[in-house]
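The block underneath contains the structure these notes are about, expressed in structure tokens.
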């Protein structure tokens, strides 16, 4: 029990090399103690009867079977296998028979005969069918699915050791690109299915236990039984307007008949930065600054450089000052499940706490989740409920921001300035300008917190009207209360970072989403003809209320007391609030037909109405159809011994999107209290049209064609699946470019088209020999993205910029991908004055007459004799050509080893946001030591100057584009399952201990902190503004079953 007490109440925390154990107090310890008490009580009442343990696996593949029912014959006493196929059952003695049953497999009855360990391989039952997958509004036999669907099981989710559910998708499903937005605790991930098809929100639709939800950050990965990803339109069309970006369907764990089962999973870990950027130390910084000033014929800033070096040595390593080495992370989850043949339940509670590796104490995440699932069977009526409550608290910094972000300050502040001055106060840099100031001091003034309470729940009922006719109704609610507050103290950090008065900001939010669906299903089989017809309707209502304000000159100056009520400046205080409403009504139907389980046909029709469009365009129709052919079941394939399974499938379909704000089809009136009238102006409140209307606004529509081939060899030991798709999105919903002097918000228009084409590969090998079990899988995705039309005069969509001098780095144009890097092409570095004079246009004009040797050579693309914005072209692509994931599972007796690699190849990163050369005297990366000088005529790095008259470092050019390809060992774990005789002494049925590491190795040529840079906006991807890096994490954990 010591290890359990240690994990529940302690955290291993170390500062660099000094390691010690610290008992945590307050809320964190309180929540952990609840888990400990519950676990202790369950251990105390554990029965001391005879226990039989074992493992159940597929006889053909060797894969463990999850959820196999094991019952003592003649009784109701039983259990089920866990995610590793292991089970434990308590018997009154070691006699009797055990009944093993599992859907799709031949049931087995085994004599106990005095044994305490029984391992079993179960044979698939061809007559019973096979694995089922979750599809829209139901289940479907996997072999009969005609759409493109990928599945991740509970074992894979557990092996991923993911802090967020989205991370488990990375590299494990072909066609799905997952990019972690940052390494900050609680940070989200960008998920894109089959490319980017919109300039708006491209997130997929998430369905949890049949309920569409706004996001899945509230879920605990330990509660998930499976994830299905619906990728092509034939699979997603059943969700119509909401499935254009793909659908991720999540099924949470359920109870199974049998006595109560208890499982505890927990781990403790430490996190550290895996890499530091190579920046200049103080001596080299001073030399470079002196040279920069001298090159501009200005007095050098460090004339006494030798004396300064003798005084400060290498100066301040700001990365070491802000990085938190060995930041703790902990996770505990407890699950109880069981039930009878008519009622089952599952109750779980999990708690996660994570500190960040940047800004100790100001970057952390805490989440408590409680879930209750129940199902009941009363003859023709089945009903149940799913309830989830989550409380989470996030404190953080701006994770990818060049204007005053902590990591931006770390990368740009000079290394000459110390952290504190001689008086012990935070030192101010005499060389810093604007927001590039002491990052440790900047961390000290950060006081921001987001707290959220979320309830997601629903009830369902299914009534079998006839044996082949049923109706299912659901009622779901998603309710979220979010409170965002911050405290801004008085400070003077130098530069322009000062504040003379205290302030408190607070915003309260309430999101309420109601949804109900009613589905009628009819099934009929006649000889070898099988029909399933489904029809239904769905209603959704969403409401968002918010209220907030800012108070100044607080009477109590601390974060804990920073509430609006303590502000004393009534003149300048502000307040705001608002209400948002939207609704969707839908009708849908689906017809499935197969002949002899060999030829399949599916048709889908969805009719959606959205309140975001005007009356004339409110409704949209979205059809789809698909076909499939199991070739391996044909008679002419009976004599071949290559394929054990071979299926060809294809489909076409349409989806829509209403991903815009409310009332975009109508003019909006904005009030403003700033109008003055009369000779002595009196300020009054007036109104003006704030948004130009577009009553003709229509649905954004995506149309997709795909074809797939599924194969298996050597009795399904080897499998290979291939998919090819073409996805066209038409009528992109975007803001029209209008001149700023018009004074109105631009109208939303249907302004462009985009195409994604790609190839997906999923393959694997499974083998069992002796005590060894092996499972290897490989996924790969190739996707090409291209704008095919832009409906504005410029033929461009302008995206994100960088710093104050590099505007519109992100760009979209016809014939190019969305959000390619737009900038100047270079052709090397001028080595002498003659070369400057010879750089001419076709009419003989000197293109860069003011350049000097050591300056960049910019390409005059339009040959007009000067370098202007018209010379900007595509200089990089943030999207990878190919992504891949490789997973390896090895089991030998009681040992298990898992290793998962992920790679991204061909993507570029724009690094201009990491350097603030638009400001005075920032630090440099160490590659500046290879700069051009007369003694070192470099061809890769230009000369250094302060004024930068040639724009070497202030123009967005290919100088700032790096290859962002990388291969990362995302997770590796080694576990050992203790022998039964040892586990029984502790009153448990199974105990596994393990150690794991995440992001242990990253192989990349990228010079920044992290090559994985996500974004939530389609026109701002792959731009590094000093990203909060992901951590390298080491954990030790335990899995206990009772």
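In our numbering, the protein residues as written are 22 to 1063.
C-beta atoms are modelled at their ideal positions from N, C-alpha and C, and glycine is treated no differently.
task = Can you give me the start and stop residues for the beta strand (DSSP E) that residue 3 sits inside?
result = As shown, the chain starts at 22 and ends at 1063. That puts residue 3 outside it, with no answer to give.
message = Using the Cβ count rule (16 or more neighbours within 10 Å means buried), how would you classify residue 324?
response = Counted from its first residue, the chain shown places residue 324 at position 303. Counting Cβ neighbours within 10 Å, residue 324 comes out exposed, since fewer than 16 surround it.
message = Using only the alpha-carbon positions, how far apart do residue 413 and residue 75 sit?
response = Along the chain shown, one-based indexing puts residue 413 at 392. Along the chain shown, one-based indexing puts residue 75 at 54. Taking the straight line joining both Cα atoms gives about 38 Å.
query = For residue 499, which three-state DSSP category applies?
reply = Numbered from its first residue, the chain shown carries residue 499 at position 478. Residue 499 sits in a strand when the DSSP states are folded into three classes.
contact_flag[the segment 208-219, the segment 804-817] where n(CB pairs < 8 Å) is 3 or more = Using a Cβ-Cβ distance cut-off of 8 Å, the segment 208-219 and the segment 804-817 are in contact, since at least three pairs of beta carbons, one from each stretch, lie closer than that value.
ask   = If you run the structure through DSSP and keep just helix, strand and coil, what is residue 67?
value = The residue labelled residue 67 in the question sits at position 46 within the chain shown. At residue 67, the pLDDT of 41 sits below 50, so the modelled position is not reliable; the number obtained from the coordinates is stated separately. Residue state for residue 67 is assigned as coil, using DSSP reduced to three classes.
request  = Could you tell me the distance, in whole angstroms, from the CA atom of residue 204 to the CA atom of residue 393?
outcome  = Numbered from 1 along the chain shown, position 183 holds the residue referred to as residue 204. Numbered from 1 along the chain shown, position 372 holds the residue referred to as residue 393. Distance from the CA of residue 204 to the CA of residue 393, rounded to the nearest whole angstrom, comes to 31 Å.
ask   = When you compare only the Cα positions, how much space is there between residue 304 and residue 315?
value = Along the chain shown, read from residue 1 onward, the residue named residue 304 stands at position 283. Along the chain shown, read from residue 1 onward, the residue named residue 315 stands at position 294. Rounded to whole angstroms, residue 304 to residue 315 spans 17 Å at the Cα level.
query = Secondary structure at residue 301, three-state DSSP: helix, strand or coil?
reply = Your numbering for residue 301 matches position 280 in the chain shown. Residue state, collapsed to three classes: coil.
request  = Please list, in chain order, all residues of the same chain as residue 875 whose beta carbon is under 6 Å from its beta carbon, the five residues on each side excluded.
outcome  = By 1-based counting over the chain shown, the position of residue 875 is 854. Contacts found: 953, 963, 964.
request  = With residue 255 as the anchor, note down where its beta strand (DSSP E) starts and where it stops.
outcome  = By 1-based counting over the chain shown, the position of residue 255 is 234. If you look at residue 255, you'll find it isn't in any beta strand (DSSP E); it sits in the alpha helix (DSSP H) that goes 254-257.
query = Can you tell me whether DSSP reads residue 437 as helix, strand or coil?
reply = As a first step, residue 437 is located in the chain shown; it is residue number 416 there, counting from the start. In the three-state scheme derived from DSSP, where H, G and I count as helix and E and B as strand, residue 437 is classed as coil.
task = For my contact list, residue 768 and residue 713 are in at a C-beta cut-off of 8 Å; report their separation, rounded to the angstrom.
result = Position 747 of the chain shown, counted from the start, is the residue given in the question as residue 768. Position 692 of the chain shown, counted from the start, is the residue given in the question as residue 713. So it is a contact: roughly 4 Å between Cβ atoms.
query = Secondary structure at residue 896, three-state DSSP: helix, strand or coil?
reply = Stepping through the chain shown from its first residue, residue 896 is reached at position 875. Three-state result, residue 896: strand.
ask   = Under 7 Å, do residue 856 and residue 253 count as touching if we go by C-beta distance?
value = On the chain shown, position 835 is the one that residue 856 refers to. On the chain shown, position 232 is the one that residue 253 refers to. One thing to note: residue 856 has its Cβ no nearer than 7 Å to the Cβ of residue 253.
query = Alpha carbon to alpha carbon, how far is residue 385 from residue 347?
reply = Along the chain shown, read from residue 1 onward, the residue named residue 385 stands at position 364. Along the chain shown, read from residue 1 onward, the residue named residue 347 stands at position 326. Rounded to whole angstroms, residue 385 to residue 347 spans 13 Å at the Cα level.
message = Going residue by residue through the segment 821-851, where are the continuous beta strand (DSSP E) segments of at least 3 residues, counting only ones entirely within it?
response = Here the runs fully enclosed are 831-834, 841-844, 847-850.
message = Is there a Cβ of chain D sitting closer than 7 Å to that of residue 243, yes or no?
response = Any reference to chain D falls outside this structure, which holds one protein chain only.
query = Where do the ends of the alpha helix (DSSP H) carrying residue 863 lie?
reply = As a working mapping, residue 863 is identified with position 842 in the chain shown. Premise fails: residue 863 is in no alpha helix (DSSP H) and is neither H nor E.
key: DSSP bridge partner residues for residue 624 (one or two, in chain order)   = Working through the chain shown from its first residue, we reach residue 624 at position 603. According to DSSP, which records beta bridges pairwise, residue 624 is partnered with 612, 646.
query = Can you list the beta strand (DSSP E) stretches of 3 or more residues lying completely in the segment 924-972, in chain order?
reply = Runs of the beta strand (DSSP E) inside the segment 924-972: 929-931.
6 Å Cβ shell around residue 895 - same chain, five flanking residues per side excluded = The sequence position of residue 895 within the chain shown is 874, counting from 1. So the qualifying residues of the chain are 837, 841.
Option in 689, 293, 477, 231 with minimal Cα separation from residue 269 = The count along the chain shown starts at 1 and reaches residue 269 at position 248. 231 is the residue among 689, 293, 477, 231 whose C-alpha sits nearest the C-alpha of residue 269.
ask   = DSSP beta-bridge partners for residue 884?
value = Mapped onto the chain shown, residue 884 falls at position 863. Partner(s): none; residue 884 has no beta bridge.
query = Do the segment 631-651 and the segment 676-688 make contact, defined as three or more Cβ pairs closer than 8 Å?
reply = Three or more Cβ pairs drawn from the segment 631-651 and the segment 676-688 lie within less than 8 Å of each other, which places the two stretches in contact.
Given 8 Å, three or more beta-carbon pairs between the segment 773-789 and the segment 735-744 = Cβ pair count under 8 Å is three or more, so yes.
ask   = Would you report the Cα separation of residue 603 and residue 565, rounded to the nearest angstrom?
value = Taking the chain shown and counting its residues from 1, the one referred to as residue 603 is at position 582. Taking the chain shown and counting its residues from 1, the one referred to as residue 565 is at position 544. Roughly 9 Å separates the two Cα atoms.
request  = Output the distance between the C-alpha atoms of residue 184 and residue 556, rounded to the nearest integer angstrom.
outcome  = Taking the chain shown and counting its residues from 1, the one referred to as residue 184 is at position 163. Taking the chain shown and counting its residues from 1, the one referred to as residue 556 is at position 535. When rounded, the distance between both Cα atoms is 38 Å.
ask   = Considering only C-alpha positions, which residue in the set 326, 299, 284 is nearest to residue 312?
value = Taking the first residue of the chain shown as position 1, residue 312 is located at position 291. Among 326, 299, 284, the Cα nearest to that of residue 312 is on 326.
request  = Kindly provide the ranges of any alpha helix (DSSP H) runs that are 4 or more residues long and lie completely inside the segment 184-235, ordered along the chain.
outcome  = Listed in chain order, there is nothing to give.
inquiry  = At 4 residues or longer, what runs of the alpha helix (DSSP H) sit wholly inside the segment 444-489?
reply    = Within the segment 444-489, the runs of alpha helix (DSSP H) at least 4 residues long that lie entirely inside it are, in chain order, 460-465.
query = Nearest CA to the CA of residue 228: which residue from 196, 446, 497?
reply = Numbered from its first residue, the chain shown carries residue 228 at position 207. Taking residue 228 as reference, the option from 196, 446, 497 with the minimal CA-CA separation is 497.
inquiry  = Among 586, 419, 619, whose alpha-carbon lies nearest the alpha-carbon of residue 551?
reply    = Taking the first residue of the chain shown as position 1, residue 551 is located at position 530. Selected option, being the one with the closest Cα: 619.
inquiry  = For the pair the segment 268-282 and the segment 1029-1046, tell me if three or more CB-CB distances fall below 8 Å.
reply    = A contact is defined here as three or more CB-CB pairs under 8 Å, and the segment 268-282 fails this definition with respect to the segment 1029-1046.
key: Residue nearest to residue 188 in terms of C-alpha spacing, selected from 360, 160, 242, 398   = Numbered from its first residue, the chain shown carries residue 188 at position 167. When each option's Cα is compared against that of residue 188, the closest is 242.
key: residue 414 in three-state terms, based on DSSP   = Sequence index remark: in the chain shown, residue 414 carries index 393 (1-based). It is a strand residue.
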